[in-house]
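Residues 0 to 434 in numbering that gives the first Met the number 0 are what the sequence shown spells out, letter by letter. Read the structure below first, then the notes.
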Amino acid sequence: MNEIHFYNRRAKLLDLMEEGIAILTSAPIQTRSNDTEYSYRQNSDFYYLCGFNEDNAVLVLIKTPNASKTILFVEAHNAEHALWNGARLGIEGARKRFSVDEIRDIADYTKDIKELLREHINLYIDLYHDSARLNEAKSAAQSLHSTRGVKRHIRSILDVTYLIRSLRLIKTSEEIDAIRRAVEITAEAHHVAMRVCRSGMREYQLQASMSYVFLNSGASAEAYGAIVAGGNNANTLHYVDNRDELREGDLVLIDAACEWELYASDITRTFPINGKFSEAQSEVYNAVLDVQLRVIDAIKPGVKRDWLQTYSEELLCDALIALGILSGKREALMEAKEHKKYAPHGIGHWMGLDVHDPCPYVDETGESLAFEAGMVMTIEPGLYLRADDESVPARYRGIGIRIEDNILVTETGYENLSSMIAKSVEEIEAVCNQL
Numbered sequence: 000m001n002e003i004h005f006y007n008r009r010a011k012l013l014d015l016m017e018e019g020i021a022i023l024t025s026a027p028i029q030t031r032s033n034d035t036e037y038s039y040r041q042n043s044d045f046y047y048l049c050g051f052n053e054d055n056a057v058l059v060l061i062k063t064p065n066a067s068k069t070i071l072f073v074e075a076h077n078a079e080h081a082l083w084n085g086a087r088l089g090i091e092g093a094r095k096r097f098s099v100d101e102i103r104d105i106a107d108y109t110k111d112i113k114e115l116l117r118e119h120i121n122l123y124i125d126l127y128h129d130s131a132r133l134n135e136a137k138s139a140a141q142s143l144h145s146t147r148g149v150k151r152h153i154r155s156i157l158d159v160t161y162l163i164r165s166l167r168l169i170k171t172s173e174e175i176d177a178i179r180r181a182v183e184i185t186a187e188a189h190h191v192a193m194r195v196c197r198s199g200m201r202e203y204q205l206q207a208s209m210s211y212v213f214l215n216s217g218a219s220a221e222a223y224g225a226i227v228a229g230g231n232n233a234n235t236l237h238y239v240d241n242r243d244e245l246r247e248g249d250l251v252l253i254d255a256a257c258e259w260e261l262y263a264s265d266i267t268r269t270f271p272i273n274g275k276f277s278e279a280q281s282e283v284y285n286a287v288l289d290v291q292l293r294v295i296d297a298i299k300p301g302v303k304r305d306w307l308q309t310y311s312e313e314l315l316c317d318a319l320i321a322l323g324i325l326s327g328k329r330e331a332l333m334e335a336k337e338h339k340k341y342a343p344h345g346i347g348h349w350m351g352l353d354v355h356d357p358c359p360y361v362d363e364t365g366e367s368l369a370f371e372a373g374m375v376m377t378i379e380p381g382l383y384l385r386a387d388d389e390s391v392p393a394r395y396r397g398i399g400i401r402i403e404d405n406i407l408v409t410e411t412g413y414e415n416l417s418s419m420i421a422k423s424v425e426e427i428e429a430v431c432n433q434l
């Protein structure tokens with residue numbers, strides 16, 4: 000993505016804004032332990048609007064009745080920082096790179112922000128983020144409120160993230176290309192895991208085989224903490240210990256993916272550790288797969304996500320009845336939420352710059368959003384049958400299955416961006432047994 004894309008995004012945000020000033024801050028560096036830090040990950044909203052991947056930066060958008068202006072505050076070159084951590088782009092480098100009206104030194108932000116806020120009536124910020132830079136802006140607005148000679152002052156503080164994340168809902172072709180690349184790498188990693196998996200391995204060894212593919216392929220990072228859950232561990236939805244031994248006859252659920260240029264993928268596959276599904280495992284697996292395929296096939300513009308969630312729950316409830324795990328009429332079981340014991344999570348989520356893209360699911364009236372071309376979401380039904388749950392037929396106990404793909408809504412329906420990853424029982428067994 001080049002400067003034209005970021006410029007156009009800022010223009011769209013300015014169109015959505017009323018007269019006023021918007022302030023977005025970069026993500027801070029996060030301490031891991033004592034004086035060591037986590038690898039840096041930029042604030043997605045900030046990155047979406049300018050593509051700058053350094054900390055200690057602020058983006059300011061100003062809108063007046065007759066004009067607009069964009070200012071990017073960055074940290075100046077610092078020789079000591081360059082020695083220890085690498086050179087920053089610096090003020091001159093930023094002026095050459097970014098198509099903004101002004102580049103300023105972040106050291107001047109505290110004194111500049113009061114003047115920038117003067118005579119504006121609306122301040123757009125992330126209302127739910129307590130950063131020092133935003134607090135400085137609010138303090139400056141408060142000071143101007145009581146300053147003589149200031150004819151107009153900030154009267155409304157508004158949430159800028161809702162506007163940005165509404166824009167983030169619809170992906171451009173460039174964004175979709177980035178997601179495609181992340182999915183391609185993730186597909187290879189899942190296939191490698193299927194091929195190398197053997198009983199006696201540790202879950203972390205399987206995770207390591209995938210991490211190698213991510214890094215060796217140039218992916219910027221894992222999109223989230225990997226779940227590698229053998230046997231009954233799959234029934235813990237956010238299992239991340241990844242320390243146990245993989246046992247003969249069990250399944251392993253892997254929910255792991257990478258990101259490419261900060262754009263995420265999010266894939267789950269469940270497969271037999273020994274390369275062959277048992278009869279009981281196949282029955283549960285095919286039940287979940289049938290639900291997933293039918294839900295995906297229902298996706299098209301105009302369909303509402305709330306309807307898709309209800310539809311998926313109906314199908315999962317029917318599957319539980321067919322497997323003999325639940326008994327009775329579907330309507331009564333769903334009203335009593337009996338199916339939620341075994342299918343507790345939603346059918347999917349938005350995906351993009353964040354693996355769980357925080358884009359809105361409802362409109363400003365509270366109504367569920369209808370799908371539009373360019374939206375990307377996961378579809379991930381699952382059934383989780385704990386080993387200690389005596390209400391489940393003995394042959395199914397300890398089986399946990401989730402199947403997750405990344406779906407792009409198109410003008411005429413959908414495209415499964417991860418369709419190249421083995422998914423049917425036959426496909427998975429074939430990959431598992433490749434030499």
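Virtual Cβ for every residue (Gly too), placed ideally from N, Cα, C.
For the beta strand (DSSP E) assignment, the uninterrupted runs of no fewer than 3 residues enclosed by the region 111-195 are, from N- to C-terminal side, 121-124 and 155-158.
Taken atom to atom, the span from the alpha-carbon of residue 434 to that of residue 194 is near 7 Å. Contact annotation: residue 69 and residue 111 have beta-carbon atoms that are not nearer than 8 Å.
Short of 6 Å from the beta carbon of residue 166, and not among the five residues preceding or following it, lie these beta carbons of its own chain, in chain order: 11. Counted as a single uninterrupted DSSP element, the beta strand (DSSP E) harbouring residue 384 occupies residues 381-384. In this chain, the alpha helix (DSSP H) harbouring residue 319 covers 304-321. If you draw a straight line from the Cα of residue 367 to the Cα of residue 85, it is about 46 Å long.
In this structure, residue 120 lies away from residue 96, with their beta-carbon atoms at least 8 Å apart. Residue burial is scored here from C-beta neighbours: residue 419 has fewer than 16 other C-beta atoms within 10 angstroms and is therefore classed as exposed.
Judged by beta-carbon spacing, residue 272 lies within the 8 Å limit of residue 247, meaning their Cβ atoms are closer than that value.
Annotation: the region 33-57 contains the following complete segments of the alpha helix (DSSP H) (minimum length 4 residues), in chain order: 43-49. Residue 423 holds the alpha-carbon nearest to the alpha-carbon of residue 276 among 145, 423 and 29. Assigned with DSSP and collapsed to three states, residue 216 falls in coil, not helix or strand.
Between the alpha carbons of residue 46 and residue 279 lies a distance of about 47 Å. Looking from the CA of residue 235, the closest CA among 291, 334 and 399 belongs to 399. The continuous beta strand (DSSP E) containing residue 67 extends over residues 67-73. Counting only residues of its own chain and dropping the five nearest sequence neighbours on each side, residue 407 has a CB closer than 6 Å to the CB of 375, 414 and 416.
As summarised for the region 238-264, there are no continuous alpha helix (DSSP H) elements at least 4 residues long confined to that stretch.
Taken in chain order, the unbroken stretches of alpha helix (DSSP H) that lie wholly in the region 326-361 and span 4 residues or more are 329-334. The beta carbon of residue 36 sits closer than 8 Å to the beta carbons of 28, 29 and 30 from its chain, once the five residues preceding and following it are set aside; these are given in chain order.
Nearest to residue 385 by alpha-carbon distance, out of 184, 188, 341 and 401, is 341. Note that the C-beta distance between residue 267 and residue 252 is below 8 Å. Taking a 10 Å sphere around the C-beta of residue 177, we find 16 or more other C-beta atoms and assign the residue as buried. Leaving aside the five residues that flank residue 239 on each side, the residues in its chain whose CB is nearer than 8 Å to its CB run, in chain order, 224, 225 and 226.
Judged by beta-carbon spacing, residue 163 lies within the 8 Å limit of residue 44, meaning their Cβ atoms are closer than that value.
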